[in-house]
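Student: Residues 0 to 235, numbered by numbering that gives the first Met the number 0, are exactly what the sequence shown covers, in order.
Note that CB positions come from ideal geometry on N, CA and C, so glycine has one too.
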Amino acid sequence: MTVTTWDEPTGATPRGTLIVLPGRGETDASYQRFGKRLSADAYRVRLVPVDLDDLEGTRTQVEKLIADESLPSPKVLVGTDSGATLAATLVGEVDADAAVVAGLALPGSTGGATWEDEVDARTACPVHRSVLDADPDFERGALTRPLPWDALELTAPDKPVLVVHGSTDRITPADDAVAPYVDAPQARVWLVQGGRHDVLNDASHRSVAATVVLFLESLKLGSDLPPVLVPAAAGR
Numbered sequence: 000m001t002v003t004t005w006d007e008p009t010g011a012t013p014r015g016t017l018i019v020l021p022g023r024g025e026t027d028a029s030y031q032r033f034g035k036r037l038s039a040d041a042y043r044v045r046l047v048p049v050d051l052d053d054l055e056g057t058r059t060q061v062e063k064l065i066a067d068e069s070l071p072s073p074k075v076l077v078g079t080d081s082g083a084t085l086a087a088t089l090v091g092e093v094d095a096d097a098a099v100v101a102g103l104a105l106p107g108s109t110g111g112a113t114w115e116d117e118v119d120a121r122t123a124c125p126v127h128r129s130v131l132d133a134d135p136d137f138e139r140g141a142l143t144r145p146l147p148w149d150a151l152e153l154t155a156p157d158k159p160v161l162v163v164h165g166s167t168d169r170i171t172p173a174d175d176a177v178a179p180y181v182d183a184p185q186a187r188v189w190l191v192q193g194g195r196h197d198v199l200n201d202a203s204h205r206s207v208a209a210t211v212v213l214f215l216e217s218l219k220l221g222s223d224l225p226p227v228l229v230p231a232a233a234g235r
């Protein structure tokens, strides 16, 4: 299992480690932009391929990265689609410090009868569309594959979680995706206006990445996620 890496700029002090779990059909090509952007902010990024037929193998690789003392803490799982589902289930079972759940998939989260339908459901970003079109290893039609979880009852873990979901996601309805987290004290839940399923790589990818960085910076201050920025007092 080959892990793709993006490291902080030379001379920068690394601020934490992101363990990225991609979704159905995706390869590391889909996360070049995200990996470079987050590593530029001094977070080490490690992408672990997810084999839906060997989730234990994926878990083993994730646990190796969590146990790797050369990688700085906090160590945060970041998942999209089926990778988001895996991150949501693993974060409470392994020694990760937190999770980012972006574009969660649930049993029945399928769609895209044709390639054009699938791309349209995934993203409105023209750059990301071109990446998908040009990636020879991307599995077209992957969103029609059922998830390996026959029954899934997600609950918010006793750890910080950032949930980001597209408001117009046709693969997983937004209300279903955020329901387990909306009342959890350590969860931060955001809907991306007009966002589609590949929410890390959709048209609002800059704002989503900024939201991820703010979550990570807050996590650095404490697991209760104290705010980094607060409104100025009235009258100042």
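1) Going residue by residue through the stretch 54 to 108, where are the continuous alpha helix (DSSP H) segments of at least 4 residues, counting only ones entirely within it?
2) Does DSSP put V177 in a helix, in a strand, or in coil?
3) Quick check on DSSP: helix, strand or coil for R121?
4) What is the residue span of the alpha helix (DSSP H) that G34 lies within?
5) So the candidates are T16, G24, G22; which of them puts its Cα closest to the Cα of G254?
6) Cβ atoms of A112 and H196: under 9 Å apart, would you say?
7) Kindly give me the distance between the Cβ atoms of A97 and V198, rounded to whole angstroms, as I take these residues to be in contact under 8 Å.
8) Leaving out the 5 sequence neighbours to the left and right, which residues in its chain are closer than 6 Å to A41 when beta-carbon positions are compared?
9) Just how far apart, CA to CA, sit P71 and L218?
10) Starting from the Cα of G22, find the closest Cα among I65, D116, K74, R139 and give me that residue.
11) Closer than 8 Å is the cut-off here; do at least three beta carbon pairs connect the stretch 74 to 93 with the stretch 42 to 61?
12) For the beta strand (DSSP E) that contains H164, what are its first and last residues?
13) Compute the Euclidean distance between the alpha carbons of A86 and V99, then round it to the nearest angstrom.
14) My understanding is that L213 touches V227, with C-beta atoms under 8 Å, so please give their C-beta distance in whole angstroms.
15) So what's T16 in DSSP terms, helix, strand or just coil?
16) Pull up the distance between the alpha-carbon of G165 and that of G102, whole angstroms please.
17) In chain order, what residues of the same chain have a beta carbon less than 6 Å from the beta carbon of A183, not counting five sequence neighbours either side?
18) If you measure between the beta carbons of T122 and N200, is that distance less than 9 Å?
19) Taking only three categories from DSSP, how would you classify R128?
20) Kindly list the residues whose CB is nearer than 8 Å to the CB of T57, restricted to its own chain and excluding five residues on each side of it in sequence; keep chain order.
21) Over the uninterrupted beta strand (DSSP E) stretch that includes A186, give me the two end residues.
22) By Cβ distance below 6 Å, which residues in the same chain neighbour A141 in space, the five residues on each side in sequence not counted?
23) I think L146 touches S108, with their Cβ atoms under 8 Å apart; what is that distance to the nearest whole Å?
24) Which same chain residues end up closer than 6 Å to E92 when comparing Cβ atoms and leaving out the 5 residues on each side of it in sequence?
Tutor: From the atom records:
1) 54 to 66, 81 to 89
2) Three-state DSSP puts V177 in a helix.
3) In the three-state DSSP reduction, R121 falls in the helix class (H, G or I).
4) 31 to 39
5) An answer regarding residue 254 cannot be provided, because it is not within the stretch 0 to 235 covered by the chain.
6) no
7) The pair is not a contact, with the Cβ atoms about 18 Å apart (cut-off 8 Å).
8) E7, A11, P13, R14
9) 13 Å
10) R139
11) Judged by Cβ distances under 8 Å, the stretch 74 to 93 makes contact with the stretch 42 to 61, as three or more pairs qualify.
12) 160 to 165
13) The straight-line gap separating the alpha-carbon atoms of A86 and V99 is approximately 8 Å.
14) 6 Å
15) strand
16) 7 Å
17) So the qualifying residues of the chain are A155.
18) yes
19) helix
20) M0, L20, V47, P48, V49, D50, L85
21) 186 to 191
22) R23, G24
23) 7 Å
24) none
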